[in-house]
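What follows is a short report on a single structure.
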């Protein structure tokens, strides 16, 4: 399945794209999909819009942010699809439209997505688009100092410097969405319910969302947050005392082939320490650390464009062991499963839809293991 039409932008910056994603490559499609489809549980209820804004966290820290939101299909007539652009490469979504009007069905619950270390705000567009299609407004920022561009430009901070900034960033995102919804002149006026917020983060973003739920480094827990999801979450930055403060509905989705944030040292640590009610643990067999992002679609681009700079090709190919080698679950199937459980969980505990609980059961026991604590 190809979700994106991807194209090259020529120029001196092309080599910069090598560091933007942790892996590349795409496996053969699964002949037996394990979930209803890329839009998560059931069928998409809405078309998807995307806008890009800036959010100021504090003086000197202004972050680029993307917003995905529900759109009535009739409002997309004549509207171009949205293009994700970054130095050297760009691709056009087959799902998200460029800034159509938001559906009048709102207010919609808010989800904040937090990317992993060295990522970007739209690195998991497969998921953020799926959430918007199911009736959420989703916001995601580039966590300055911890992005792909920072790695390439030498401005990357240490984990001790940048990860504690995540709760402030996330709180600022929620505040910005509340202000937008309250502003009658804003394109998203009245569209966002910021008293019912879900958080979802990958790797270091998993640490960020858990710290926001617990409170960390002088920033208290945000009471607007009703549920939290960690994807291959890096949990070492949290103390045992912080773990004990996480009592809202929590889900951790992890991959058995993840060697960056292994289940044994990360997921199991959180599983033993967090008293969340309920607490879902979803282990996916054959899934790696970068299976939770769109990285595997980029080697498909590389392979289709012979003659690219060797530095670009080598940088991408050297990272394929993160998700995209033959030993991993096909990326299409992995994304379907991630959509199914994360979207279903947020529908249940942020959207308050009790019927969504049906999506939280394993569909293929040989691939999916689910444990629940209450």
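In the UniProt record's numbering, the protein residues as written are 1 to 374.
A virtual CB, placed ideally from N, CA and C, is assigned to each residue, including glycine.
For residue 301, the enclosing alpha helix (DSSP H) starts and ends at 296-304. DSSP places residue 70 in the strand class (E or B) of the three-state scheme. For residue 374, there is no enclosing alpha helix (DSSP H), since its DSSP letter is neither H nor E. Shown here for residue 237: same chain residues with a beta carbon closer than 6 angstroms to its own, the five before and five after excluded, namely 163 and 207 in chain order.
The stretch 236-251 makes no contact with the stretch 183-193; the number of CB pairs closer than 8 angstroms stays below 3. By a beta-carbon distance limit of 8 angstroms, residue 232 contacts residue 255. Their separation comes to about 6 angstroms. Scanning 374, 45, 117 and 144 for the CA closest to the CA of residue 135 turns up 45. Within 10 angstroms of the beta-carbon of residue 104 lie fewer than 16 other beta-carbons, which makes it exposed.
Runs of the beta strand (DSSP E) lying entirely within the stretch 157-229, each at least 3 residues long, are 192-202 in chain order. With respect to residue 124, residue 253 sits apart: the two C-beta atoms are not nearer than 8 angstroms. The shortest C-alpha to C-alpha distance from residue 80 to any of 64, 72, 100 and 71 is the one to 100. A Cβ-Cβ distance of about 5 angstroms is found for the pair residue 251 and residue 229, placing them in contact under the 8 angstroms criterion. Residue 112 sits away from residue 210, with the two beta carbons spaced by 8 angstroms or more. By alpha-carbon distance to residue 296, the top candidate from 269, 263, 331 and 266 is 331. Bounds of the alpha helix (DSSP H) holding residue 344 are 331-349.
In this structure, the CA atom of residue 294 is about 12 angstroms from the CA atom of residue 202. For a cut-off of 8 angstroms, the C-beta gap from residue 374 to residue 277 is around 6 angstroms, short enough to register as a contact. Within the same chain, 90 and 92 come within 6 angstroms of residue 83 by CB-CB distance, once the 5 residues on both sides are set aside. Shown here for residue 285: same chain residues with a beta carbon closer than 6 angstroms to its own, the five before and five after excluded, namely 256 and 367 in chain order. In this chain, the alpha helix (DSSP H) harbouring residue 128 covers 125-133.
About 12 angstroms separates the Cβ atoms of residue 94 and residue 47, ruling out a contact at the 8 angstroms cut-off. With at least 16 other beta carbons inside 10 angstroms of its own, residue 70 counts as buried. Relative to residue 145, the option among 61, 139 and 130 whose CA is nearest is 61. If the five residues before and after residue 357 are omitted, its C-beta is found closer than 6 angstroms to the C-beta atoms of 348, all from its own chain and listed in chain order. For residue 322, no beta strand (DSSP E) run applies, since DSSP gives it neither H nor E. CA-to-CA, the gap between residue 74 and residue 304 works out to about 35 angstroms.
In the structure shown, residue 103 falls within a coil segment according to DSSP collapsed to helix, strand and coil. Cβ neighbours of residue 78 within its own chain (closer than 8 angstroms, five residues either side excluded): none.
Separation of the CB atoms of residue 244 and residue 197 is rounded to 21 angstroms, and the pair is thereby denied contact status at 8 angstroms.
Here the alpha carbon of residue 263 sits roughly 11 angstroms from the alpha carbon of residue 288.
The DSSP-derived three-state label of residue 77 is coil.
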